[in-house]
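Residue numbers (this note's numbering): 4 to 437.
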Amino acid sequence: MDKTNSTATSRLNGVLSHLSSHHRNSTMLAYFANIPQAPPDGILKLSVMSKADPSPEKVDLGVGAYRDDAGSPWVLPVVNKAQKRLEADPAFNHEYLAIGGLPALTGGAQSLMFGADSPAVDERRVYSIQTISGTGANMLAAVFLKQFGQPQDAAVYISKPTWGNHRSIFQTAGHEVREYRYCNYDTLGLDIDGMLADLRAAPKGQIVVLHACAHNPTGIDPTAAQWQQIADVMAERSHFPFFDCAYQGFATGDVDRDAYAVRLFVSRGFELLVAQSFAKNMGLYGERTGCLHAVTQSADLVPAVSSQLNRLSRATISTASAYGAKVAGVVLQDPALYAEWLDNMAEMSSRIKTMRDLLRDKLVALGTPGSWDHVTRQIGMFSFTGLSKPQVAALKEQYHLYMTEDGRISVAGLNSGNIDYVARSIDAVVRNIK
Ligand SMILES: Cc1ncc(COP(=O)(O)O)c(C=O)c1O
């Protein structure tokens, strides 16, 4: 900026600042004055605290994102390859995606979720729309169900506990949110009797949020037989299943096994919605890549359902993000890259499993009071350790070890460099604090 311009700019700023203080002192309405402070998000707060902690011993077990054995974020090798392929494509551009999203993604995601030979897909009774990752899929489902839920005043039932954002998302969309029992806090296993009793006691036709696999925060999944029991009660009570699937392939390392519950419900004739995220299983966290699938009873229903989902998506995000969808689309559509992706996923889930085994073995070897079998019984990214709030606080304050207040650890944050320290810290705290 030359001198004449900068003098003119500073004079203009002076006039604006004078005007602004003059009007502030006048009778204008303080529009924002009555807005209460929102409570801080527990996980985001934890992440800020952990980042600010300069201790070399620090271990962040809060964030639900995969880390490699060096504790670093991992760009999946297959994602790297897909990116290179996209960059080399002369037709690559940054145009808007179509309203429903990128067909290479939504089509691939559909086969992944329901199986390549899914009768529901063959019968054209599934509509899949691209979303802003899993969170956006949850929100789109919440808004859709608020407008078209039957009965109109159906409440949304979430597991106790659940992913912290479920309550917030469904309440933000205007739903009443209630809880069903899920975790048996004594055994740190599934409270199947409590869950079934609560679903049975709920009025008919409620919306039930189910984690398709790798339940967050507990890592406790129903067995195949228990899923059958859950489906029985859901059918008996005409409840509507909303599956949240944020970890397909992460739970067992096998994408088909992790889709068992969704496919079971589809095969039993339920209509349902499924939120699907590619954040964890493809490591596309910040690219916000996901889908919402609606399974209807017949292909005739798809035009209306898809038109409303498209309309609501248009009103809230206009169109979904392109880059991650293109990367995932390449991986899902190319058989060689798809096979490589399955290997990359197996590598992540087996490293996590090794860390579970090591943590349990080390705690047992140290003679840490209590039983630690639940660490290996649980599945997916997280373990619900059973550590108490004061123990969690002491681990943070005295040992620079960060986890959520409910004692959930992200097992992906453990590695061969910190596992001894983590086990010794937990041991010390469990011995000294109730
Ligand atoms: C159960 C569950 N649902 C949805 C999400 C949404 O993740 P994203 O929006 O990053 O895909 C998460 C992420 O932690 C989750 O654990």
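All C-beta atoms in this analysis are idealised placements derived from N, C-alpha and C, irrespective of residue type, glycine included.
Three-way DSSP call (helix, strand, coil) for residue 106 in this model: Numbered from its first residue, the sequence shown carries residue 106 at position 103. Residue 106 falls in the helix class under three-state DSSP.
Please report the straight-line C-alpha distance between residue 72 and residue 79, rounded to a whole angstrom. On the sequence shown, residue 72 is found 69 positions in, with the first residue counted as 1. On the sequence shown, residue 79 is found 76 positions in, with the first residue counted as 1. C-alpha separation (whole angstroms): 14 Å.
Taking DSSP's pairing of strands, which residues face residue 244 in a bridge? As a first step, residue 244 must be located in the sequence shown, where it is residue number 241. Residue 244 is bridged to 211.
With distances taken from CA atoms, which of 216, 283, 252, 231 is nearest residue 349? In the sequence shown, counting from the first residue as 1, residue 349 sits at position 346. That would be 252, whose Cα lies nearest to the Cα of residue 349.
Per DSSP, what kind of secondary structure is residue 297 in: helix, strand or coil? Here residue 297 corresponds to residue number 294 of the sequence shown, with the count starting at 1. Reduced to three states, the DSSP call for residue 297 is strand.
Let me know the alpha helix (DSSP H) ranges lying completely inside the stretch 63-101, each 4 residues or longer, listed in chain order. 80-91
What do you get for residue 38, buried or exposed, if any count of 16 or more other CB atoms within 10 angstroms of its CB means buried? Walking along the sequence shown from the start, residue 38 turns up at place 35. Residue 38 comes out exposed.
Please list, in chain order, all residues with a C-beta atom less than 5 Å from at least one heavy atom of ligand 1. 67, 136, 137, 138, 166, 219, 247, 249, 280, 282
Quick check: what's the CA-CA separation for residue 110 versus residue 170? Translated into the one-based positions of the sequence shown, residue 110 becomes position 107. Translated into the one-based positions of the sequence shown, residue 170 becomes position 167. Taking the straight line joining both Cα atoms gives about 30 Å.
To the nearest angstrom, how far is the alpha carbon of residue 370 from that of residue 431? Residue numbering aside, residue 370 sits at position 367 when the sequence shown is read from its first letter. Residue numbering aside, residue 431 sits at position 428 when the sequence shown is read from its first letter. C-alpha separation (whole angstroms): 11 Å.
Take residue 415 as the anchor and find which of 236, 433, 354, 426 has the nearest alpha-carbon. Working through the sequence shown from its first residue, we reach residue 415 at position 412. The residue with the shortest Cα to Cα distance from residue 415 is 354.
Confirm, please, whether the CB-CB distance from residue 211 to residue 3 is below 9 Å. Nothing about residue 3 can be reported from this structure: the residues present for the chain run from 4 to 437 only.
Rounded to whole angstroms, what is the Cα-Cα separation between residue 9 and residue 17? What you label residue 9 is simply residue 6 of the sequence shown in a count that begins at 1. What you label residue 17 is simply residue 14 of the sequence shown in a count that begins at 1. Going by the C-alpha atoms only, they are around 12 Å apart.
Please determine, among 245, 303, 402, 13, the residue with the shortest C-alpha to C-alpha distance to residue 264. Taking the sequence shown and counting its residues from 1, one reaches residue 264 at position 261. Considering only alpha carbons, the answer is 245.
Please name the residue or residues paired with residue 159 in a DSSP beta bridge. Indexing the sequence shown from 1 puts residue 159 at position 156. Partner(s): 180, 210.
Taking the straight line between their C-alpha atoms, what separation do you get for residue 318 and residue 189? The residue given as residue 318 occupies position 315 in the sequence shown. The residue given as residue 189 occupies position 186 in the sequence shown. So the two alpha carbons sit approximately 45 Å from each other.
Can you give me the start and stop residues for the alpha helix (DSSP H) that residue 315 sits inside? In the sequence shown, residue 315 corresponds to position 312, counting from 1. Residue 315 -> alpha helix (DSSP H) spans 305-319.
Can you tell me the Cα-Cα spacing of residue 176 and residue 133, whole angstroms? Along the sequence shown, one-based indexing puts residue 176 at 173. Along the sequence shown, one-based indexing puts residue 133 at 130. Those two C-alpha atoms are separated by around 19 Å.
Bridge-paired residues (DSSP) for residue 186: As a working note, residue 186 is residue 183 in the sequence shown. Partner(s): 193.
Rounded C-alpha distance that separates residue 365 from residue 418: On the sequence shown, residue 365 is found 362 positions in, with the first residue counted as 1. On the sequence shown, residue 418 is found 415 positions in, with the first residue counted as 1. Approximately 13 Å, taken between the alpha carbons.
Applying the 10 Å Cβ sphere with the 16-neighbour rule, what's the burial state of residue 70? As a first step, residue 70 is located in the sequence shown; it is residue number 67 there, counting from the start. By the neighbour-count rule (16 or more Cβ atoms within 10 Å), residue 70 is buried.
Nearest to residue 139 by alpha carbon, out of 248, 88, 357, 67? On the sequence shown, position 136 is the one that residue 139 refers to. Closest by alpha carbon: 248.
Nearest residue (CA-CA) to residue 152, options 256, 428, 423, 243: To locate residue 152, count along the sequence shown from 1; it is residue 149. For residue 152, the nearest C-alpha among the options comes from 243.
So residue 266 is in the beta strand (DSSP E); what residue range does that whole segment cover? In the sequence shown, the residue the question calls residue 266 occupies position 263. First-last for residue 266: 263-270, but that is the alpha helix (DSSP H), not the beta strand (DSSP E).
Taking 6 Å as the limit between beta carbons, can you name the residues of its chain near residue 60, skipping five residues before and five after? Working through the sequence shown from its first residue, we reach residue 60 at position 57. The answer, listed in chain order, is 403.
Contact between the stretch 303-312 and the stretch 74-88 is defined here as three or more beta-carbon pairs at a separation below 8 Å; is this criterion met? no
Quick check on residue 95: buried or exposed, where buried means 16 or more other Cβ atoms within 10 Å of its Cβ? Sequence index remark: in the sequence shown, residue 95 carries index 92 (1-based). Exposed, since its Cβ has fewer than 16 Cβ neighbours within 10 Å.
Can you list, in chain order, the stretches of the alpha helix (DSSP H) that have 4 or more residues and sit fully within the stretch 122-173? 122-125, 136-151
Comparing C-alpha positions only, which one of 116, 136, 429 sits nearest to residue 411? Start at 1 with the first residue of the sequence shown, and residue 411 comes out as number 408. The shortest Cα separation from residue 411 among 116, 136, 429 belongs to 429.
Would you check if the distance between the CB atom of residue 74 and the CB atom of residue 421 is smaller than 9 Å? Counting from one through the sequence shown, the residue named residue 74 turns up at place 71. Counting from one through the sequence shown, the residue named residue 421 turns up at place 418. Contact: yes.
So is residue 282 buried or exposed if we call it buried at 16+ other beta carbons inside 10 Å? Here the question's residue 282 lines up with position 279 in the sequence shown. The residue in question, residue 282, is buried, as its Cβ has 16 or more Cβ neighbours within 10 Å.
For the candidate residues 395, 99, 407, 392, whose alpha-carbon lies nearest to that of residue 49? Locating residue 49 in the sequence shown gives position 46, where the first residue counts as 1. Answer by Cα proximity: 407.
Could you name the residues that DSSP lists as bridge partners for residue 279? Mapped onto the sequence shown, residue 279 falls at position 276. DSSP output for residue 279 lists 248, 294 as bridge partner(s).
Rounded separation between residue 131 and residue 137 - CA only: Counting from 1 along the sequence shown, the entry for residue 131 is found at position 128. Counting from 1 along the sequence shown, the entry for residue 137 is found at position 134. Roughly 13 Å separates the two Cα atoms.
Taking just the CA atoms, how far does residue 293 sit from residue 280? Translated into positions along the sequence shown, residue 280 becomes position 277. Translated into positions along the sequence shown, residue 293 becomes position 290. If you take the alpha carbons of residue 280 and residue 293, they lie about 4 Å apart.
May I ask which residues mark the beginning and end of the alpha helix (DSSP H) holding residue 386? In the sequence shown, counting from the first residue as 1, residue 386 sits at position 383. Note, residue 386: premise wrong, no alpha helix (DSSP H); beta strand (DSSP E) at 385-387.
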